[in-house]
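In the UniProt record's numbering, the protein residues as written are 1 to 352.
Ideal Cβ placement from N, Cα and C applies to all residues, glycine included.
Because the structure is a prediction, the values reported are computed rather than measured.
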């Protein structure tokens with residue numbers, strides 16, 4: 001049955017496929033969760049049509065662009081949509097819900113599919129995503145998982161999710177571990193808008209009457225900014241601190257950050273950023289260890305002299321409930337111990 005009235009962002013789950021008709025560059029910057037990219041104009045074609053519009057006017061841009069759109073739609077019908085059944089119901093969007101998605105929907109309906117156009121396009125999604133974060137962020141019953149560097153906080157969050165608990169994975173959405181050495185090898189961070197889309201998608205599915213576990217983070221994760229409403233709620237929420245022996249934390253870091261040893265020169269370069277904080281002599285020693293592959297010595301001093309003091313200062317300053325935190329002790333941080341640690345964190349959270 002055809003959808004009655006304009007299709008809103010909230011209606012998107014009632015369709016078989018979500019199609020982004022924008023150019024690949026627009027899609028790469030951000031898109032609705034789960035959408036596939038079937039551009040009616042590719043990046044170069046979009047540039048050509050835009051130039052024609054400015055230089056020769058709307059008619060010439062539509063004449064040339066229309067031929068390009070027709071060719072691309074024909075290709076999608078032959079290839080991407082070739083196996084779609086007669087009862088297929090796609091939802092199509094472009095930037096504002098205009099001509100690009102409208103032309104695709106027209107052709108799909110001529111074929112016989114019950115295609116619909118998202119009212120307001122991507123811009124409507126963007127407004128919706130920010131509204132979700134700003135409205136639901138302050139309502140979330142957060143439990144903030146804390147612990148110094150190497151205390152397996154992210155792995156504990158993953159174990160909590162596997163046990164059916166509600167989790168917001170900030171570092172997963174940011175594709176970054178949130179520290180100077182936290183970038184993931186070969187994995188670029190998303191755009192700020194794509195980061196917010198991922199967070200909105202996570203938050204929208206949460207039950208606000210149940211606890212939600214989240215890792216303590218600063219305002220920035222790599223180059224991405226945590227949305228203000230979510231950050232304010234995080235800082236005001238109860239804390240659970242994982243306490244583990246320093247030797248066990250070091251062993252965990254050596255396993256989790258082993259990839260840093262594959263690029264000694266790159267590691268040494270990144271340590272340069274700490275010179276102002278720790279002085280030329282200390283950073284030179286760390287860089288020499290990096291170049292020599294002496295990661296145990298390097299990570300041990302980074303923990304003791306840089307990360308642990310930073311952690312203590314930052315949490316005391318920014319987490320309002322830090323003084324009332326509950327502590328969970330972990331003797332081991334190996335893979336076999338993480339589910340039990342997650343269970344202990346969960347039990348501690350229930351007592352808050």
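Assuming residue 91 and residue 116 form a contact by the criterion Cβ under 8 Å, report the distance between their Cβ atoms to the nearest whole angstrom. 5 Å
Locate the alpha helix (DSSP H) running through residue 277, then write down its first and last residues. For residue 277, the enclosing alpha helix (DSSP H) stretches over residues 275-278.
Using the three-state DSSP reduction, which class does residue 166 fall into: helix, strand or coil? strand
How about residue 328 and residue 341: are their beta carbons less than 8 Å apart? Annotated as proximal: residue 328 and residue 341, with beta-carbon spacing under 8 Å.
Count the other CB atoms, across all protein chains shown, that sit within 10 Å of the CB of residue 1; report buried if there are 16 or more and exposed otherwise. With a pLDDT of only 49 at residue 1, under 50, the local geometry of the prediction cannot be trusted, and no value is derived from it.
Check whether the stretch 138-150 and the stretch 201-216 touch, using three or more Cβ-Cβ pairs below 8 Å as the test. yes
Just to confirm, is the Cβ distance from residue 200 to residue 189 under 8 Å? no
For residue 212, report the span of its beta strand (DSSP E) as first-last. Per DSSP, residue 212 belongs to the beta strand (DSSP E) from 211-215.
Using a threshold of 8 Å, state whether the C-beta atoms of residue 49 and residue 103 are closer than that. no
Neighbourhood of residue 259 by C-beta distance below 6 Å, restricted to the same chain and skipping five residues each side: 185
What did DSSP end up calling residue 207 once you bin it into helix, strand or coil? coil
Reduced DSSP category for residue 223 - H, G, I as helix; E, B as strand; rest coil: Residue 223 falls in the coil class under three-state DSSP.
Could you check how far apart the C-beta atoms of residue 320 and residue 235 are, in whole angstroms? I think they sit under 8 Å. Under the criterion of beta carbons closer than 8 Å, residue 320 and residue 235 qualify as touching, at roughly 6 Å.
Local Cβ density within 10 Å of residue 291, reported as buried at 16 or more and exposed below that: exposed
I need the DSSP call for residue 18, collapsed to helix, strand or coil. strand
Roughly how many angstroms separate the alpha carbons of residue 343 and residue 93, rounded to a whole number? Roughly 43 Å between the two C-alpha positions.
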